[in-house]
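Below is one structure, written out as structure tokens; comments come after it.
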Amino acid sequence: MLLKVAEHLGMTEANYSKYERGENKITVEIIQGVAEFLNVDPLQLNQLLIMIIATYALKITA
């Protein structure tokens, strides 16, 4: 699936994986492209990303 998302965004799998690892900053355009690929509203995807980041941060500090 990673390759398909990367292709949809017009980038290589290696470049896309940098976004997943936090090496590249996620832009509005990336969020919109992933939301389009997943066929969801970009705002819903953004809210999901915020919840995932918050959960991850809580695990680190616990």
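Going by UniProt numbering, the final residue of the sequence shown carries number 62, and the count climbs one at a time with no gaps. Yeah, the Cβ is synthetic: ideal placement off N, Cα and C, and Gly gets one too.
Cα-Cα separation between I31 and A6, rounded to whole angstroms: 12 Å
As assigned by DSSP and simplified to three states, the class of K25: coil
Can you tell me whether DSSP reads G33 as helix, strand or coil? helix
Here's a check: name, in chain order, each residue in its chain whose Cβ is nearer than 7 Å to the Cβ of L2, leaving out the five neighbours to either side. E13, Y16 and S17
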